[in-house]
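Chains A and B, in that order, give the protein sequences. Take the first sequence: its letters are residues 41 to 257, numbered as in the working numbering. Take the second sequence: its letters are residues 88 to 833, numbered as in the working numbering. First comes the structure, then the notes that go with it.
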Amino acid sequence: MYYIISRRTIPSLFVPFAKIIEQPQAHLVLEVHLLWTVMTLSAEAPPKATHTPSLPPTHTVTLTVNGTETQLQLAPWTSLLDALREYMDLTGTKKGCDHGQCGACTVLVDGKRINACLTLAIMQEGKQITTIEGIAQTCTDAPDGLHPIQKAFIDYDAFQCGYCTPGQICSAVGLLNEGKAKTTADIRELMSGNICRCGAYTNIVQAIEEVINQQTV
Amino acid sequence: MSQVIGKPINRVDGRDKVTGKAKYAAEFQVPGLAYGYVVSGTIAKGKITRIDTSEALSLDGVLQVFTHENRPRLAWFDISYKDQDAPPGSPFRPLQDATIKYSGQPIALVVAETFEVARYAASLIRVEYKEEPHETSLEANLHRARPQKHGVADLLKPPPPKPKGDFNTVYEESPVKMYGRYSHAAEHHNPMELFASTVVYEKGGKKPKLTIYDKTQGVTNSILYVSQVFDIPFKNIRVLSPYMGGGFGSGLRPQYQLFMAVMASLELKRSVRVTLTRQQMFTFGHRPATVQNVAISASADGAMNALYHDARGETSRFEDYTEIVTNWGGMLYPPENVTQDYKLVPLDVYTPLDMRAPGGVTGISALEIAVDELAYELGMDPLELRLKNYTDLDHNSQKPFSSKELRACFQQGAERFGWSKRQFEPRSMRKGHNLIGWGMATGIWEANQMPARAEAALLVNGKLWVSSATADIGTGTYTIMTQIAADALGVPMEDVLFKLGDSDFPVAPISGGSWTAATVGMAVHSACEAVGKSLLELAKKLAGSPFKGAKWEDIEFADRQLRLKREPTTAVSLQTLVDLNGGKAVRETSTGLPNALKQKDYARATHSAAFVEVMVDEDLGTVKVTRAVSAIAAGRILNPKTARSQILGGMVWGISKALHEESILDHNVGRFMNHNLAEYHVSVNADIHDLDVIFVEENDTIVNPLGIKGVGEIGIVAMPAAVANAIFHATGKRVRDLPITLDRLI
Numbered sequence: 041m042y043y044i045i046s047r048r049t050i051p052s053l054f055v056p057f058a059k060i061i062e063q064p065q066a067h068l069v070l071e072v073h074l075l076w077t078v079m080t081l082s083a084e085a086p087p088k089a090t091h092t093p094s095l096p097p098t099h100t101v102t103l104t105v106n107g108t109e110t111q112l113q114l115a116p117w118t119s120l121l122d123a124l125r126e127y128m129d130l131t132g133t134k135k136g137c138d139h140g141q142c143g144a145c146t147v148l149v150d151g152k153r154i155n156a157c158l159t160l161a162i163m164q165e166g167k168q169i170t171t172i173e174g175i176a177q178t179c180t181d182a183p184d185g186l187h188p189i190q191k192a193f194i195d196y197d198a199f200q201c202g203y204c205t206p207g208q209i210c211s212a213v214g215l216l217n218e219g220k221a222k223t224t225a226d227i228r229e230l231m232s233g234n235i236c237r238c239g240a241y242t243n244i245v246q247a248i249e250e251v252i253n254q255q256t257v
Numbered sequence: 088m089s090q091v092i093g094k095p096i097n098r099v100d101g102r103d104k105v106t107g108k109a110k111y112a113a114e115f116q117v118p119g120l121a122y123g124y125v126v127s128g129t130i131a132k133g134k135i136t137r138i139d140t141s142e143a144l145s146l147d148g149v150l151q152v153f154t155h156e157n158r159p160r161l162a163w164f165d166i167s168y169k170d171q172d173a174p175p176g177s178p179f180r181p182l183q184d185a186t187i188k189y190s191g192q193p194i195a196l197v198v199a200e201t202f203e204v205a206r207y208a209a210s211l212i213r214v215e216y217k218e219e220p221h222e223t224s225l226e227a228n229l230h231r232a233r234p235q236k237h238g239v240a241d242l243l244k245p246p247p248p249k250p251k252g253d254f255n256t257v258y259e260e261s262p263v264k265m266y267g268r269y270s271h272a273a274e275h276h277n278p279m280e281l282f283a284s285t286v287v288y289e290k291g292g293k294k295p296k297l298t299i300y301d302k303t304q305g306v307t308n309s310i311l312y313v314s315q316v317f318d319i320p321f322k323n324i325r326v327l328s329p330y331m332g333g334g335f336g337s338g339l340r341p342q343y344q345l346f347m348a349v350m351a352s353l354e355l356k357r358s359v360r361v362t363l364t365r366q367q368m369f370t371f372g373h374r375p376a377t378v379q380n381v382a383i384s385a386s387a388d389g390a391m392n393a394l395y396h397d398a399r400g401e402t403s404r405f406e407d408y409t410e411i412v413t414n415w416g417g418m419l420y421p422p423e424n425v426t427q428d429y430k431l432v433p434l435d436v437y438t439p440l441d442m443r444a445p446g447g448v449t450g451i452s453a454l455e456i457a458v459d460e461l462a463y464e465l466g467m468d469p470l471e472l473r474l475k476n477y478t479d480l481d482h483n484s485q486k487p488f489s490s491k492e493l494r495a496c497f498q499q500g501a502e503r504f505g506w507s508k509r510q511f512e513p514r515s516m517r518k519g520h521n522l523i524g525w526g527m528a529t530g531i532w533e534a535n536q537m538p539a540r541a542e543a544a545l546l547v548n549g550k551l552w553v554s555s556a557t558a559d560i561g562t563g564t565y566t567i568m569t570q571i572a573a574d575a576l577g578v579p580m581e582d583v584l585f586k587l588g589d590s591d592f593p594v595a596p597i598s599g600g601s602w603t604a605a606t607v608g609m610a611v612h613s614a615c616e617a618v619g620k621s622l623l624e625l626a627k628k629l630a631g632s633p634f635k636g637a638k639w640e641d642i643e644f645a646d647r648q649l650r651l652k653r654e655p656t657t658a659v660s661l662q663t664l665v666d667l668n669g670g671k672a673v674r675e676t677s678t679g680l681p682n683a684l685k686q687k688d689y690a691r692a693t694h695s696a697a698f699v700e701v702m703v704d705e706d707l708g709t710v711k712v713t714r715a716v717s718a719i720a721a722g723r724i725l726n727p728k729t730a731r732s733q734i735l736g737g738m739v740w741g742i743s744k745a746l747h748e749e750s751i752l753d754h755n756v757g758r759f760m761n762h763n764l765a766e767y768h769v770s771v772n773a774d775i776h777d778l779d780v781i782f783v784e785e786n787d788t789i790v791n792p793l794g795i796k797g798v799g800e801i802g803i804v805a806m807p808a809a810v811a812n813a814i815f816h817a818t819g820k821r822v823r824d825l826p827i828t829l830d831r832l833i
């Protein structure tokens, strides 16, 4: 399988470069790329057949999610995303790619937005983790049990299938916490880590603007 | 009587979706659940000569590894594997034998106690292959193009009509003409939710009982497939899909994780979940790559007189996937001399699959760029050329349209966009080092209605329960069906509970082709009417009933009451009526059928006009769609809020198709190489700027009594050509191949 992975990896890395090669300055990029590929190759050489597979031991991991401490017995390789979804039944946090490419798994850790698929559960001990299930608790004014962002998402129809929605909402709350977004273009840029395949982007931006405007009034 | 139909009402499932309560296929927890992980093949064609699972099986927690060597004996005939959207041919059977038909083919399933163990064990499976030469390039195999095989699919996807007139002669002799060759990349649907099936296993009598949470655009399609392939009676299977994280066509056929999860569950007598990875989302159906040729000629005044449109699409070696690519010109334009042709090139890939506006957006993207080219040959404004060739007749069938407010789309769209200020010459507008271009295009999509069933029940507490085995793939089905039911029996929306996505409910077809609103809407309407008629009968039984002689036409439902139309104060509450029913709900199931007799003399379609502004960086070739207006004629709009969202989504898809989306095949290995969301580009928030939607008024009494035409596809159809035409206007460079990546511009 290691061999298989490298066979799969090499050509896929080449493809985006194929077009660049046609340009004059491209040789430098290509050389770095080749070097990297060779390093990857040697790192992924097929293992000896005598290798006996074994599983890593599990550990007691204490996670604080939405204000509640939970003790779990987890292997070190369990991502925060899988811990939430498969071990805590907090399925509001979504898996869309498992590679940090889509943003569906966005949660807040100590108020900052992160991709839960790109961090291991064991690394998040002692942190305050907030998921969509607890997002309303993070604001003092949550009429009807909804965070203003959640309410604005409903009013502006900022979703269709709803699968990217929890990640969009956590990301939007993280964006509000950052306080960096001053313009519509800022919001668009700073929300671009969350893909919405249904294409609700304009409504998402309007919903977030609505909440920002409420806050500044 | 319309109280809520036509109002911009928030989604009834909105709260569940923004709080994380909405559960998708991989999110139903059951005790003792085992996890399946699929192993994908790495060659495009050949045979597995050896598959070593011993290391994987030696891991603690691994329950079984399924391969072609230990796959249970299942249904033999192809017919058992055919689903509602199966094209002619022999459907793919996972783990059937050692044969590899395409790259990424599932070759094993590891089942373990946890997801992480299954994933690790999958990496320990050693496979040896005997490779055979493969062919995955459409361009290199165009000479093998052949007509499609015919089957039931032809009913919905008819082959092109026979040529009419004499294209060759008229084209040759015409003073103005254009010809272009257009190629489109393959694309993958990539809904955000990964394909997943959770199979809950229970011991039954002779056969086990399965409850299956499946990612599907039709639970009836999944139950049919599982029942046939695994020989389990319908009554032992229940398929549920209350929420679906995006479909766009990908869920129109049962995908292989369903087969894998059911097989493992039956063999291990346990509940099993199989979820695909994002990489594996590129290992089943996709929008086929196509090559098209379009030639149009006109007289000097711009009247089109001849049209040629051919398309070559890829398909797999085992099924003939077809779509309507070349028929649209004959539906939009009036030339007398028309040749349309469509052929397939079988390759060593998985069978393509309907993807948002299948065929339509492909064919119209080429056709509408071609019309723009003709406009520039004529020196005529592109909108003026379309108005010059405007027709109320579908020239393929020679039938009039049941309604066609495309002219209003042109007028209102052009006005909102400011089209009249456009300068004809390319490269005539700029802002700093950015070139600015304005382009437009026309769109068309079918307005179909299928048969479907629904149940309505006025419960003893006065609430209205309505159900149908349809799907809400983000389209708003929950909301619009609630609106239709509420209006049909004159109750507020909060009194209605509409349920879907359960194979125990009355049967409905797969949700696709923009037909769900009309199809299920008419079934719901009909079931509610049936309840209404029963309520009238109950009303007649009241002591001294004022309704004794009343006919159905004489009454109406409003304010939770049944009342006389001519004398609304003569009324009885629905609660009073249901109380007369001996403690039982008033329950009716009914079928919504298209009125073929009424429809047969008409062509039925939705139309659109898209206007787009692009900004192209002259040095870098980067393209930004700075604003776009889509004017839509799609019959009666049930909910302008959810319908607008569908059109916005379609516009985003159109921009994405025009500029980003491309599944890149490396023909050396025969594989889609950019199989992840970092390298398969879809539009993100920063790519999308000002989008505007106009619904023009369109009344249609032919399509169905509610006047519904559907809006799922019409939003995308015109957009890619409008973007391409705007890029031409900005740069003077005509790019006929999609996507228009910057290497094609500089």
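No residue lacks a Cβ here, since even glycine has one placed at the ideal position from N, Cα and C. Predicted model, so just to flag it, every value in this text is computed and none were measured.
(1) Label Q427 (chain B) either buried or exposed according to how many other C-beta atoms from any shown protein chain fall within 10 Å of its C-beta, with 16 as the threshold for buried.
(2) Where does G722 (chain B) sit, in a helix, a strand or coil, going by DSSP?
(3) Would the stretch 440-455 of chain B and the stretch 796-815 of chain B be scored as touching if the rule is three or more Cβ pairs under 8 Å?
(4) Hey, out of B:G148, B:Q367, B:V239, whose CA is closest to P278 (chain B)'s CA?
(5) Is Q200 (chain A) close to chain B? Criterion is C-beta to C-beta, closer than 8 Å.
(6) Would G577 (chain B) pass as a contact of A645 (chain B) if the rule is Cβ separation under 8 Å?
(7) Quick check: is the beta carbon of M279 (chain B) nearer than 8 Å to any beta carbon in chain A?
(8) Starting from the beta carbon of K167 (chain A), find every residue of chain B whose beta carbon is closer than 9 Å, and list them in chain order.
(9) Count Cβ pairs between the stretch 578-591 of chain B and the stretch 551-560 of chain B that sit closer than 8 Å; are there 3 or more?
(10) Can a CB atom of chain B be found closer than 8 Å to the CB of C137 (chain A)?
(11) R237 (chain A) versus chain B: which residues are under 7 Å apart at the beta carbon?
(12) Taking C-beta pairs closer than 9 Å, name the residues in chain A that V204 (chain B) reaches, listed in chain order.
(13) According to DSSP, is F405 (chain B) helix, strand or coil?
(14) So A161 (chain A) packs on L103 (chain A), CB below 8 Å; how close in whole Å?
(15) Taking its Cβ as the centre, do 16 or more other Cβ atoms sit within 10 Å of M738 (chain B), making it buried, or is it exposed?
(16) F592 (chain B): buried (16+ other C-beta within 10 angstroms of its C-beta) or exposed?
(17) Assess contact between the stretch 168-177 of chain B and the stretch 404-412 of chain B, defined as three or more Cβ pairs (one per stretch) separated by less than 8 Å. Is contact present?
(18) Is it the case that the Cβ atoms of R723 (chain B) and A544 (chain B) are separated by a distance below 8 Å?
(19) Cα-Cα, which of B:L440, B:T788, B:A457 is closest to E416 (chain B)?
(20) Report yes or no: is there a C-beta of chain A within less than 8 Å of the C-beta of L339 (chain B)?
(21) When DSSP labels each residue in this structure, what does D688 (chain B) get in the three-state scheme?
(22) For M537 (chain B), name the three-state secondary structure that DSSP assigns.
(23) Taking the alpha carbon of G238 (chain B) as the point to measure from, which residue in B:Y258, B:R231, B:P246 has its own alpha carbon closest?
(24) Quick check: what's the CA-CA separation for K687 (chain B) versus G219 (chain A)?
(25) Could you have a look at Q183 (chain B) and say whether DSSP puts it in helix, strand or coil?
(26) Tell me the DSSP secondary structure of Q113 (chain A) in three-state form.
(27) Which residues does DSSP list as the beta-bridge partners of K518 (chain B)?
(28) Cβ closer than 9 Å: which chain B residues qualify as neighbours of P188 (chain A)?
(29) At a cut of 8 Å, does the stretch 219-232 of chain A reach the stretch 535-544 of chain B through at least three beta carbon pairs?
(30) Are the CB atoms of H612 (chain B) and A637 (chain B) nearer to each other than 8 Å?
(31) When the cut-off is 8 Å and only beta carbons count, does P206 (chain A) lie next to chain B?
(32) Going by beta carbon distance, what residues of the same chain come within less than 8 Å of P97 (chain A), once the five residues before and after it are set aside?
(33) Would you tell me roughly how many angstroms separate the C-alpha atoms of R137 (chain B) and A209 (chain B), rounded to the nearest one?
(34) Would you list the one or two residues that DSSP bridges to R137 (chain B)?
(35) From L735 (chain B) to V780 (chain B), what does the alpha carbon distance come to, in whole angstroms?
(36) Quick check: does the Cβ of F497 (chain B) come within less than 7 Å of any heavy atom belonging to the ligand ATP?
Looking at the coordinates:
(1) Stepping through the second sequence from its first residue, residue 427 (chain B) is reached at position 340. By the 10 Å Cβ count, Q427 (chain B) comes out buried.
(2) Here residue 722 (chain B) refers to the residue found at position 635 when the second sequence is read from its first residue. Looking at G722 (chain B) - three-state DSSP - the assignment turns out to be strand.
(3) yes
(4) Indexing the second sequence from 1 puts residue 278 (chain B) at position 191. P278 (chain B) has its Cα closest to that of B:Q367, out of B:G148, B:Q367, B:V239.
(5) Residue 200 (chain A) sits at position 160 when you count from the first residue of the first sequence. Yes, because at least one Cβ of chain B sits closer than 8 Å to the Cβ of Q200 (chain A).
(6) The count along the second sequence starts at 1 and reaches residue 577 (chain B) at position 490. The count along the second sequence starts at 1 and reaches residue 645 (chain B) at position 558. It is a contact, given that the beta carbons lie within the stated cut-off.
(7) Translated into positions along the second sequence, residue 279 (chain B) becomes position 192. Yes, because at least one Cβ of chain A sits closer than 8 Å to the Cβ of M279 (chain B).
(8) By one-based count along the first sequence, residue 167 (chain A) stands at place 127. Result: empty, since nearest Cβ-Cβ is about 20 Å, beyond 9 Å.
(9) yes
(10) Walking along the first sequence from the start, residue 137 (chain A) turns up at place 97. Yes, C137 (chain A) lies at the interface with chain B (some Cβ there is under 8 Å from its Cβ).
(11) Within the first sequence, residue 237 (chain A) is the residue found at index 197, counting from 1. What R237 (chain A) touches in chain B: N277, P278, M279, G333, V769.
(12) Indexing the second sequence from 1 puts residue 204 (chain B) at position 117. Result: L95, A115.
(13) Here the question's residue 405 (chain B) lines up with position 318 in the second sequence. DSSP places F405 (chain B) in coil when its eight states are reduced to three.
(14) Within the first sequence, residue 161 (chain A) is the residue found at index 121, counting from 1. Within the first sequence, residue 103 (chain A) is the residue found at index 63, counting from 1. With 8 Å as the limit, A161 (chain A) and L103 (chain A) qualify as a contact, their Cβ atoms being about 6 Å apart.
(15) Residue 738 (chain B) sits at position 651 when you count from the first residue of the second sequence. So M738 (chain B) counts as buried.
(16) As a position in the second sequence, residue 592 (chain B) is number 505, starting the count at 1. Buried.
(17) yes
(18) To locate residue 723 (chain B), count along the second sequence from 1; it is residue 636. To locate residue 544 (chain B), count along the second sequence from 1; it is residue 457. Going by C-beta atoms, R723 (chain B) is not nearer than 8 Å to A544 (chain B).
(19) Taking the first residue of the second sequence as 1, we reach residue 416 (chain B) at position 329. Sequence inspection shows Gly at residue 416 (chain B); the Glu mentioned does not correspond to that position. The option with the nearest alpha carbon to G416 (chain B) is B:A457.
(20) Taking the first residue of the second sequence as position 1, residue 339 (chain B) is located at position 252. For L339 (chain B), the answer is no, since every Cβ of chain A falls outside 8 Å of its Cβ.
(21) The residue given as residue 688 (chain B) occupies position 601 in the second sequence. Coil at D688 (chain B), not helix or strand.
(22) Counting from one through the second sequence, the residue named residue 537 (chain B) turns up at place 450. Coil.
(23) Residue mapping note: residue 238 (chain B) aligns to position 151 of the second sequence, counting from 1. If we check each option's Cα against that of G238 (chain B), B:P246 comes out closest.
(24) As a first step, residue 687 (chain B) is located in the second sequence; it is residue number 600 there, counting from the start. As a first step, residue 219 (chain A) is located in the first sequence; it is residue number 179 there, counting from the start. Approximately 60 Å between the Cα atoms of the pair.
(25) Within the second sequence, the letter at position 96 stands for residue 183 (chain B). The answer is coil: DSSP assigns Q183 (chain B) none of H, G, I, E or B.
(26) Numbered from 1 along the first sequence, position 73 holds the residue referred to as residue 113 (chain A). It is a strand residue.
(27) Taking the second sequence and counting its residues from 1, one reaches residue 518 (chain B) at position 431. Answer is B:N521.
(28) Within the first sequence, the letter at position 148 stands for residue 188 (chain A). Per Cβ cutoff of 9 Å: no residues; P188 (chain A) is ~11 Å from chain B at best.
(29) no
(30) Within the second sequence, residue 612 (chain B) is the residue found at index 525, counting from 1. Within the second sequence, residue 637 (chain B) is the residue found at index 550, counting from 1. Against a cut-off of 8 Å, the Cβ pair of A637 (chain B) and H612 (chain B) comes out as no contact.
(31) Indexing the first sequence from 1 puts residue 206 (chain A) at position 166. Taking Cβ atoms only, chain B reaches closer than 8 Å to P206 (chain A), which makes this a yes.
(32) Reading the first sequence from its first residue, position 57 is the one you call residue 97 (chain A). Excluding residues within five positions, the ones whose Cβ falls inside 8 Å are A115.
(33) As a position in the second sequence, residue 137 (chain B) is number 50, starting the count at 1. As a position in the second sequence, residue 209 (chain B) is number 122, starting the count at 1. Cα to Cα, the separation comes out at about 15 Å.
(34) For the purposes of this step, residue 137 (chain B) is taken as residue 50 along the second sequence, with counting starting at 1. Per DSSP, B:E215.
(35) On the second sequence, residue 735 (chain B) is found 648 positions in, with the first residue counted as 1. On the second sequence, residue 780 (chain B) is found 693 positions in, with the first residue counted as 1. Approximately 7 Å between the Cα atoms of the pair.
(36) The ligand ATP is absent from the structure shown, which contains no ligand whatsoever.
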